[in-house]
Each structure stands twice: as C-alpha cells, then as structure tokens.
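If you read the sequence shown in the working numbering, its first letter stands for residue 578, the second for the next number, and so on. Glycine residues also receive a C-beta, built at the ideal position from the N, C-alpha and C atoms.
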Amino acid sequence: MNSGFLKQWCLEHDVETRSINAFWYCFRNYQCEDTEEFNLVFGENFKEEDLTVALKEVALFIDRWDNDATYTAISYGFDYVVSYIPIVFKEKKLGWYKLLFNLEGESFDDFFIID
578 MNSGFLKQWC LEHDVETRSI NAFWYCFRNY QCEDTEEFNL VFGENFKEED
628 LTVALKEVAL FIDRWDNDAT YTAISYGFDY VVSYIPIVFK EKKLGWYKLL
678 FNLEGESFDD FFIID
C-alpha cells in the first residue's frame, strides 16, 4: 500500500502547521486554566525551550468498519485523519496531543493527554 495519498492530503490541508498551532493553543489554555496540575507536571519554573513540539505521526481511520456492530469506543460516524504530537519535556515523553480532521480537512476534535 502506498501512503503517498495521505502525505499529499496532509500537505494540501496544512496538517503539520495547523496541528502545531492547535497544540500551542491547547497547551496555553492548560497552563492558564489548570495552573496547579500544570505546575505539578512541568514545574513552576517552566521554560518553553525545554518542550519539544513536532508532528510525529498521522493516521487515517475507517470509523465504522461494520455498521451493524456495537462499539464501546467513540464512533464519529465518518472516516477521519488524526495527527499526533508527542508531549516531550526535557527529553521525556509525558503524553500526546491529537488533532482530528474530517476528510474535507476541517478539524473537529482534539485530545491533550498527560500519561
């Protein structure tokens, strides 16, 4: 299977830049809105230069392989693409940021996960 079609789709929809920008928006909200937890995870003397932010992976999901099956996980009812940015602080992976796109290239959900 050739993954070139997905790479081209990502370039056409500027997935890398949009994912990194969305990460920073979410990260800054986390920093402001959940200061106590943020300080526990990143320390009170957090320095942005200690955080590595780069697109790592992109995946295409077929949301409902079997329309008659009952799923226990989230089902959106349509196929979608997910970009993955690992949250790496001082060279240690702490979690993931995931941005979800419909096949028209619109982002519709995201997840900021600290392990």
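For residue i, which three-state DSSP category applies?
i	result
A631	coil
K597	As written in the sequence, residue 597 is Ile, which differs from the Lys given in the question. In this structure, I597 counts as helix in the three-state DSSP scheme.
F619	helix
F604	helix
E614	helix
F582	helix
E681	coil
By DSSP's criteria, residue i is part of a beta bridge. Which residues make up the other side?
i	result
D687	L676
Y661	E634, K675
F666	L628, K669
Applying the criterion that 16 or more other CB atoms from any shown protein chain within 10 Å of the CB defines a buried residue, is residue i buried or exposed?
i	result
F623	exposed
C609	exposed
S652	exposed
S580	exposed
I662	buried
F582	exposed
Could you tell me how far apart the beta carbons of residue i and residue j are, in whole angstroms, since I believe they sit closer than 8 Å?
i	j	result
V592	V635	6 Å
How do the stretch 674-687 and the stretch 594-607 stand: do at least 3 beta-carbon pairs fall below 8 Å, yes or no?
yes
Contact between the stretch 604-619 and the stretch 633-643 is defined here as three or more beta-carbon pairs at a separation below 8 Å; is this criterion met?
no
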